[in-house]
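Worksheet: the structure to be examined is printed underneath.
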Amino acid sequence: PQHRPLAGRTAIVTSGPTHEPIDPVRYIANRSSGKQGHAIAAALARLGAEVTLVSGPVALRDPDCVHVVHVERAEEMRDAVLAHLPADIAVMVAAVADWRVASSAEQKIKKQPGEGPPVLQLTENPDILATVGHHANRPRLVVGFAAETQNVSANGRAKLERKGADLIVANDVSPETGIMGGEKNSVRLISRQGEENWPELSKAEVAERLAEKIAAMLG
Ligand code: C5P
Numbered sequence: 183p184q185h186r187p188l189a190g191r192t193a194i195v196t197s198g199p200t201h202e203p204i205d206p207v208r209y210i211a212n213r214s215s216g217k218q219g220h221a222i223a224a225a226l227a228r229l230g231a232e233v234t235l236v237s238g239p240v241a242l243r244d245p246d247c248v249h250v251v252h253v254e255r256a257e258e259m260r261d262a263v264l265a266h267l268p269a270d271i272a273v274m275v276a277a278v279a280d281w282r283v284a285s286s287a288e289q290k291i292k293k294q295p296g297e298g299p300p301v302l303q304l305t306e307n308p309d310i311l312a313t314v315g316h317h318a319n320r321p322r323l324v325v326g327f328a329a330e331t332q333n334v335s336a337n338g339r340a341k342l343e344r345k346g347a348d349l350i351v352a353n354d355v356s357p358e359t360g361i362m363g364g365e366k367n368s369v370r371l372i373s374r375q376g377e378e379n380w381p382e383l384s385k386a387e388v389a390e391r392l393a394e395k396i397a398a399m400l401g
């Protein structure tokens, strides 16, 4: 008999970076491979959930048995996520760009001899996790990630409150850890019930354990 504790549950997962256009050929983005988010979507599906993965631009195959929506910009990602509410579970793993260019150019910006570089006016992007965490149709379980380079617990705990999440998966992404773009992850789970440190695991193993944890939390 298969172990499918999430059968009958719906989940929305975000993954990858967002690309915020400067002009038709240039963009602003965070570093993100999408490996962790895609693995989580696949793991939730294996436990029986009906999963929608909203993915920014990544070089990964769409996971099997998951409905994938491809987006580029943060605003598109937010719209796609909200279009899939209500859901039982939301896991926001995407490395959403905090800012976008206020008015991106319709034509390629040309180098102007003697004029110096262009000045980009930035504006804040929507916080998708916070929007979902405080939404009237809030999923029963809202999970966020926190990539920190210092004060992992304090920053994770603050994020839990600010974003209305039930669980924050925090990791130390200091360059020396090699986590960014790598296969391994070492995370700390932060909830209102307390904290849990997981040993260094592959991103696939983090995804498996997190999906089991989510199933247990939903009861
Ligand atoms: O504030 P910070 O970017 O560190 O928060 C990380 C968490 O918030 C991640 O779960 C990320 O997917 C989510 N987030 C979001 N929309 C943003 C910024 C972050 O959903 N604009």
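Going by UniProt numbering, the sequence shown opens with residue 183, and the numbers climb by one from there.
Backbone N, C-alpha and C define an ideal beta-carbon position, used for all residues, glycine too.
Treat the numbers as computed from the prediction; the structure is a model and nothing was measured.
Helix, strand or coil at residue i [DSSP, three-state]
{"i": "T234", "result": "strand"}
{"i": "L311", "result": "helix"}
{"i": "L383", "result": "strand"}
{"i": "E377", "result": "strand"}
{"i": "I271", "result": "strand"}
{"i": "A276", "result": "coil"}
{"i": "A389", "result": "helix"}
{"i": "E343", "result": "helix"}
{"i": "G338", "result": "helix"}
{"i": "D292", "result": "The question names Asp, but residue 292 in the sequence shown is Lys. If DSSP states are grouped into helix, strand and coil, K292 belongs with coil."}
{"i": "D261", "result": "helix"}
Residue i versus residue j - alpha carbon distance
{"i": "A389", "j": "P300", "result": "42 Å"}
{"i": "V314", "j": "V273", "result": "10 Å"}
{"i": "G238", "j": "H185", "result": "30 Å"}
{"i": "residue 179", "j": "S197", "result": "Residue 179 lies beyond the stretch modelled for the chain, which goes from 183 to 401, so this question has no answer here."}
{"i": "L264", "j": "Y209", "result": "24 Å"}
{"i": "R260", "j": "P199", "result": "13 Å"}
{"i": "A398", "j": "V250", "result": "25 Å"}
{"i": "E202", "j": "V195", "result": "20 Å"}
{"i": "R344", "j": "N333", "result": "16 Å"}
{"i": "R391", "j": "E258", "result": "29 Å"}
{"i": "Q294", "j": "E306", "result": "28 Å"}
{"i": "H266", "j": "V275", "result": "16 Å"}
Near the ligand C5P: residue i beta-carbon under 7 Å from a heavy atom
{"i": "I310", "result": "yes"}
{"i": "K217", "result": "no"}
{"i": "K395", "result": "no"}
{"i": "A352", "result": "no"}
{"i": "T234", "result": "no"}
{"i": "D280", "result": "yes"}
{"i": "V275", "result": "yes"}
{"i": "G298", "result": "no"}
{"i": "A389", "result": "no"}
{"i": "G198", "result": "no"}
{"i": "K341", "result": "yes"}
{"i": "G401", "result": "no"}
{"i": "P345", "result": "Note that residue 345 is Lys in the sequence shown here, rather than Pro. Within the cutoff, so yes."}
{"i": "residue 162", "result": "The structure shown has nothing for residue 162, since the chain only spans 183 to 401."}
{"i": "G326", "result": "yes"}
{"i": "N307", "result": "yes"}
{"i": "A225", "result": "no"}
Strand pairing of residue i, partner residues [DSSP]
{"i": "N353", "result": "A329, V369"}
{"i": "L304", "result": "V283"}
{"i": "residue 148", "result": "Because the chain spans 183 through 401 in this model, residue 148 falls outside it and cannot be assessed."}
Which ranges does the beta strand (DSSP E) cover as unbroken runs of at least 3 residues, wholly within the region 183-257, from first to last along the chain?
192-197, 202-205, 208-210, 232-237, 249-252
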